Amino acid sequence: MVTGNLTPLEEGVSFTSSTVPETKGASSEPPISRVERRSRLSSMVAVNVTAENKVNFGIPSRQSMADFALEKHGEDDWRNKVHHFLGQKWLQLTLSGLLVADVLIIFAELFLQAEYPSCRLVERDCEACCSGSGAERWLAGSGHDEVCEAGYEPIGVPGCDSYKWHTVHVIEEVLFYTTVGILSIFLVENLVEMAVLGVRKYFQQVFLALDFFVVTISLTMELTLHLMHSQLGQMVAILVIFRLWRFVRIGHGIMEVASELTHDQYLPLIDYVMDCEDKMRQAGIKIPEKTQKCKKLLEDGHH
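Take full-length UniProt numbering: the final residue in the sequence shown is number 303, and no numbers are missing along the way.
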């Protein structure tokens with residue numbers, strides 16, 4: 001499951017104030033407002049991005065990147081404002097919708113390629129037939145090589161009309177330009193995040209680096225295969241790699257959508273846990289010790 005690598009979420013129960021020394025009896029700490037609580041939660045989550053010279057193999061949340069941008073550049077910096085715009089809920093839902101649409105387009109393209117193969121495959125695998133020149137033939141040949149129906153004979157020169165399925169070609173063109181548009185939007189998003197975090201910090205986040213390479217390679221392959229289709233059409237290895245890469249895009253897209261949905265689902269739970277801890281602290285109740293798993297996560301730097 002993707003959630004197994006969600007570093008901001010694995011320690012959901014450990015995103016608490018229990019990381020500071022606890023005092024016995026009634027606590028003298030004043031009640032914490034929801035704004036202060038959200039700020040504290042954000043700072044704890046942001047450590048996944050801000051850890052110096054540390055490679056993060058988890059999936060950083062957008063909230064952690066936003067907090068890092070605020071801390072590094074300041075509230076009035078253009079990079080912080082742009083990243084804040086990208087983090088808006090409606091925009092994130094739009095990007096998630098585009099990601100799902102891209103996956104569906106890949107399946108649609110695979111179906112069209114299987115149902116309406118290119119002329120290269122038709123000319124390679126089909127047997128060309130024409131009317132027999134002699135007497136009328138009532139029965140087809142019995143040999144396994146004789147595939148022409150009665151009245152026809154193989155001529156050995158296959159032909160294919162590449163303009164027969166005009167509607168299919170139009171659909172393929174529409175899907176291609178839609179895919180290029182979606183990948184271009186994702187590439188711009190990645191470049192903005194790279195500008196916000198800095199090149200070094202960006203590539204220390206393994207998932208962000210993977211996302212950048214998947215989008216860049218996918219866009220390059222789409223444009224190259226489309227613009228040089230006639231030259232690359234005979235290179236079977238290139239076509240195989242291109243089709244296999246589409247499955248990489250499918251898996252990556254599903255993983256990214258699942259991670260964002262999981263983050264959104266767990267944030268209210270984390271808020272609730274922090275509310276409970278505040279109530280326990282105000283009532284003088286000792287907060288339970290963290291489990292060994294939480295301690296191990298903290299020791300490994302997953303916080």
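C-beta atoms are modelled at their ideal positions from N, C-alpha and C, and glycine is treated no differently. Predicted, not measured: the structure shown is a model, and the values here were computed from it.
N-terminal and C-terminal residue of the alpha helix (DSSP H) that residue i is part of
| i | result |
| --- | --- |
| Lys-201 | 199-204 |
| Ser-118 | Run containing Ser-118: none; DSSP gives neither H nor E here. |
| Lys-81 | 78-86 |
Residue i burial status per 10 Å Cβ neighbour count (16 or more: buried)
| i | result |
| --- | --- |
| Glu-289 | exposed |
| Ile-106 | buried |
| Phe-57 | exposed |
| His-83 | buried |
| Tyr-202 | buried |
| Tyr-177 | exposed |
| Ser-184 | exposed |
| Arg-281 | buried |
| Val-199 | exposed |
| Gln-265 | exposed |
| Ala-66 | buried |
| His-263 | buried |
| Met-228 | exposed |
| Glu-277 | buried |
| Val-45 | Caution is warranted here: a pLDDT of 42 is assigned to Val-45, below 50, making its placement in the model unreliable, and no coordinate value can be reported. |
| Thr-291 | exposed |
Among the options, nearest to residue i - alpha-carbon criterion
| i | options | result |
| --- | --- | --- |
| Leu-99 | Ala-69, Ile-285, His-252, Leu-70 | His-252 |
| Ala-101 | Lys-72, Val-168, Arg-249, Val-55 | Arg-249 |
| Gly-87 | Arg-243, Ile-59, Glu-260, Tyr-116 | Glu-260 |
| Val-170 | Thr-262, Phe-213, Leu-269, Leu-112 | Leu-112 |
| Ala-209 | Arg-243, Glu-189, Val-103 | Glu-189 |
| Lys-164 | Val-192, Leu-187, Tyr-116 | Tyr-116 |
| Leu-223 | Glu-173, Leu-93, Phe-212, Leu-197 | Glu-173 |
| Lys-54 | Gly-97, Val-206, Leu-104 | Val-206 |
| Met-194 | Thr-179, Gly-181, Phe-212 | Phe-212 |
| residue 339 | Ser-64, Gly-97, Val-168, Gly-181 | Because the chain spans 1 through 303 in this model, residue 339 falls outside it and cannot be assessed. |
| Phe-85 | His-166, Val-192, Gly-74 | Val-192 |
| Phe-242 | Thr-94, Leu-110, Ser-64 | Leu-110 |
| Ala-114 | His-73, Asp-77, Asp-76, Val-168 | Val-168 |
Own chain partners of residue i with C-beta closer than 6 Å, once the 5 adjacent residues on each side are dropped
| i | result |
| --- | --- |
| Ala-26 | Note that Ala-26 scores 43 on pLDDT, short of 50, meaning its location in the model is unreliable; the coordinates nonetheless yield the value given after this. If we look at Ala-26 and ignore the five residues flanking it on each side, its Cβ neighbours are Gly-284. |
| Gly-143 | Residue confidence for Gly-143 is low, a pLDDT of 47 falling below 50, so the modelled location carries little weight; the figure read from the coordinates is stated next. Excluding sequence neighbours, Gly-143 sits near nothing in its chain. |
| Gln-92 | none |
Cβ shell of residue i (< 7 Å), same chain only, five flanking positions each side left out
| i | result |
| --- | --- |
| Cys-108 | The question names Cys, yet the displayed sequence has Ala at residue 108. Once the five neighbours on either side are set aside, the close Cβ partners of Ala-108 are Leu-175. |
| Val-215 | Leu-183, Phe-186, Leu-187, Asn-190 |
| Ala-69 | Arg-79, Asn-80, His-83, Val-196 |
| Thr-179 | Asp-102, Ile-105, Glu-222 |
| His-226 | Phe-176 |
Beta-carbon contacts of residue i that lie in its chain and below 8 Å, excluding the five residues immediately before and after
| i | result |
| --- | --- |
| Tyr-245 | Note that residue 245 is Trp in the sequence shown here, rather than Tyr. Ile-217, Ser-218, Met-221, listed in sequence order. |
| Gly-74 | Asn-80 |
> Which parts of the region 164-200 are runs of the alpha helix (DSSP H), unbroken and 4 residues or longer, counting only runs that do not cross its ends?
Replying inline: 166-197
>> To test your reading of the DSSP string, which unbroken beta strand (DSSP E) runs of 3 or more residues are found completely within the region 257-294?
In response: none
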